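Before any comments, here is the structure.
In our numbering, the protein residues as written are 71 to 207.
Take a look at the structure:
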């Protein structure tokens, strides 16, 4: 497996260079804790001894190299499709209503993690509930 050499950021993405000089990147939106972090906090990371993980102690965030290596976007990402159709949805509020961390929901949206069928149903139900509340307002 590849090993992490360094990481860096630009406005919209996080990049990783491996020890074999391959470069990978992911959308920063997929990692809300990093997206919301200051430049100083983003740059305050430690690469694990095995070279396969990164830790940001000051914002309590972790990332594994596998997050970068899977670069194809899943074709059947129902959650991602819903949020793409309604970009004004607030990820934090949807996550809060589901009682899950917003970074987990973001990983579902960007195809980094795959939710179970049960979780997909819960997310759909939460969005339907929001829709009903908006209609009654």
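Glycine included, each C-beta is placed from N, C-alpha and C at the ideal position. The model shown is predicted, which means the values in this text are computed figures rather than measured ones.
Let me confirm a value: residue 201 is counted as buried when at least 16 other C-beta atoms fall within 10 Å, else exposed. Which label applies? exposed
With distance defined between alpha-carbon atoms, name the residue in 169, 131 and 177 nearest to residue 153. 177
Quiz item: Looking at the structure shown, is residue 161 part of a helix, part of a strand, or coil, going by DSSP?
Solution: helix
### Query
Shortest alpha-carbon distance to residue 87 belongs to which of 182, 131, 189 and 139?
139
Q) Out of curiosity, what's the CA-to-CA distance linking residue 182 and residue 197? A) 21 Å
Q. Between residue 117 and the rest of its own chain, which residues show a CB-CB distance below 6 Å, the 5 nearest in sequence each way excluded?
A. Residues 74 and 124 of the same chain have their beta carbon placed closer than 6 Å to that of residue 117, with the five preceding and five following residues left out of the count.
Cβ pair residue 129, residue 103 closer than 8 Å: yes
Who are the near neighbours of residue 179 in its chain, counting only those whose CB is closer than 6 Å to its CB and skipping five residues on each side?
149, 150 and 153
Requested in this report: Taking residue 137 and residue 96 to be in contact with their CB atoms under 8 Å, please state how far apart those CB atoms are, rounded to whole angstroms.
Outcome: 6 Å
Report task. Following the continuous alpha helix (DSSP H) through residue 178, name the residue where it begins and the one where it ends. Result -> 172 to 179
Problem - Nearest neighbour of residue 168, chosen from 195, 184, 157 and 187 [CA to CA] - result: Comparing Cα-Cα distances from residue 168 to each of 195, 184, 157 and 187, the minimum goes to 195.
Q | Whole-Å CB distance - residue 164 paired with residue 175, under 8 Å assumed | A | Rounded, the Cβ-Cβ distance is 6 Å, consistent with contact.
Query raised in the report: When burial is assigned at 16 or more other CB atoms within 10 Å of the CB, is residue 98 buried or exposed?
Result: Of the other Cβ atoms in all chains shown, 16 or more fall within 10 Å of the Cβ of residue 98; this residue is therefore buried.
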